[in-house]
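S.K.: Heads up: the sequence shown at position 26 corresponds to 9 in this note's numbering, and the numbers run straight through without jumps. Every residue gets a Cβ at the ideal spot worked out from N, C-alpha and C, and that includes glycine.
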Amino acid sequence: MRHDVCAARLRSALQQGDDVALASVLNPEIHLCIDAGDETGGEVHGRARVIRVLRERLANRPDAAIEAAHVNGVPGLALRGPDGQVLGVLSFDLGGGTIDRLWLTTSAGKLAHWNR
């Protein structure tokens, strides 16, 4: 699957709250690295746990929009608040047609260039 197609499917699944569609784009052995800039960051392994963590993070920002964005030069996603500020970016690597690694950056310091 192409990176842009996968990003669109990931975005749609997250927006619609469709865990079945979300699971279909994630490798069963997926790794999620969260760079929050504090103790809430870390790493999560496994599709069910990654889905749960993504859902929890999105639930904390119900007023935010998930947008397509280029992250590090490739298609990814940005979470933008109602004031226009980017609250997080999601990038990923593909392996075998599904996402095998996700990086979620919510650290304000690392998002500063997104919010100039």
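(1) Could you tell me whether the region 49 to 68 touches the region 17 to 26, using the rule of 3 or more Cβ pairs below 8 Å?
(2) How far does the alpha helix (DSSP H) with arginine -6 in it reach, from first residue to last?
(3) Quick one: residues in its chain with C-beta nearer than 7 Å to the C-beta of asparagine 98, no 5 flanking neighbours on either side, listed in chain order?
(4) Under a Cβ-count criterion, where at least 16 other Cβ atoms within 10 Å of its own Cβ denotes burial, should alanine 42 be classed as buried or exposed?
(5) Of all the options Val54, Trp86 and Ala(-10), which has the alpha carbon lying nearest to the alpha carbon of leucine 5?
(6) What are the boundary residues of the alpha helix (DSSP H) that includes aspartate 2?
(7) Just to confirm the assignment: which complete alpha helix (DSSP H) runs, minimum length 4, are found wholly within the region 64 to 97?
(8) Could you give the distance in angstroms between the alpha-carbon of glycine 56 and the alpha-carbon of serine 74?
(9) Who are the Cβ neighbours of valine 36 in its own chain at under 8 Å, not counting the five residues just before and after it?
(10) For a test of the three-state rule: what should DSSP assign to phenylalanine 12, helix, strand or coil?
(11) Mind checking serine 32: buried by the 16 CB within 10 Å criterion, or exposed?
M.R.: With the structure as the only source:
(1) no
(2) Looking up residue -6 in the sequence shown gives position 11. Element bounds for arginine -6: -14 to -1.
(3) Position 115 of the sequence shown holds residue 98. Taken in chain order, the residues that qualify are Gln68 and Val69.
(4) Against the sequence shown, residue 42 aligns to sequence position 59. Alanine 42 should be labelled exposed.
(5) In the sequence shown, counting from the first residue as 1, residue 5 sits at position 22. Ranking the options by Cα distance to leucine 5, first place goes to Ala(-10).
(6) Reading the sequence shown from its first residue, position 19 is the one you call residue 2. It spans 2 to 8 - the alpha helix (DSSP H) in which aspartate 2 sits, taken as one unbroken run.
(7) 91 to 94
(8) Within the sequence shown, the letter at position 73 stands for residue 56. Within the sequence shown, the letter at position 91 stands for residue 74. If I take the Cα positions, the gap works out to 10 Å.
(9) Locating residue 36 in the sequence shown gives position 53, counting from the first residue. Correct list, in chain order: Leu15, Ile17 and Val27.
(10) If you number the sequence shown from 1, residue 12 lands on position 29. The residue asked about is misnamed: residue 12 is glutamate in this sequence, not phenylalanine. In the structure shown, glutamate 12 sits in a strand (DSSP, three-state: E or B).
(11) Within the sequence shown, the letter at position 49 stands for residue 32. A small correction: the amino acid at residue 32 is arginine; serine does not occupy that position in the sequence shown. So arginine 32 ends up on the exposed side.
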